[in-house]
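Trainee: Under this note's numbering, the residue at position 42 of the sequence shown is numbered 59, and the numbers go up by one with no gaps.
Ideal Cβ positions, reconstructed from N, Cα and C, are used throughout, including at glycine.
As the structure is a computational prediction, the values presented were derived from the model and not from experiment.
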Amino acid sequence: PIDYHKRIGGSTMSKGLNGFRHFLQFLNLIIRIVTYFRPLRFFAWPSAILIFFGFGHIIWTMTQENNISDAGLLLLISGIQIGLFGLLADVVVRNRNVQ
Numbered sequence: 018p019i020d021y022h023k024r025i026g027g028s029t030m031s032k033g034l035n036g037f038r039h040f041l042q043f044l045n046l047i048i049r050i051v052t053y054f055r056p057l058r059f060f061a062w063p064s065a066i067l068i069f070f071g072f073g074h075i076i077w078t079m080t081q082e083n084n085i086s087d088a089g090l091l092l093l094i095s096g097i098q099i100g101l102f103g104l105l106a107d108v109v110v111r112n113r114n115v116q
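#1: Going by the CB atoms, is the gap between I68 and G89 shorter than 8 Å?
#2: Can you tell me whether G122 is buried or exposed, with buried defined as 16 or more other CB within 10 angstroms of its CB?
#3: Out of P18, P56, I25, F70, which one is the CA nearest neighbour of R111?
#4: Is the beta carbon of G73 closer than 8 Å to that of G96?
Structure, rendered in structure tokens:
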């Protein structure tokens, strides 16, 4: 057996807000790792969701009010931009891995 001294006090990792702060730091680390190595996988879902809701809102307002909604266009364009940002980040990662 290994001899050791008993810990004085309690754990510093999970007390009060300190534990919540460590949890947020952990989530931040996971998000950074995913965006660093697989950016397209990270950005594809938000992009697809925004595009889906954008098209849905545009189709709904065209059938109800016979015009194109600004909110629908904003959702659609935001989804396209996030998707293109993910594609650009994926190209950068693949180019970095080749060199």
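Mentor: Taking the coordinates as given:
#1: Against the sequence shown, residue 89 aligns to sequence position 72. Against the sequence shown, residue 68 aligns to sequence position 51. Contact: no.
#2: Since the first residue of the chain shown is 18 and the last is 116, residue 122 is not available in this structure.
#3: Taking the first residue of the sequence shown as 1, we reach residue 111 at position 94. Here the closest residue by C-alpha is P56.
#4: Looking up residue 96 in the sequence shown gives position 79. Looking up residue 73 in the sequence shown gives position 56. No, these two residues do not count as a Cβ contact at 8 Å.
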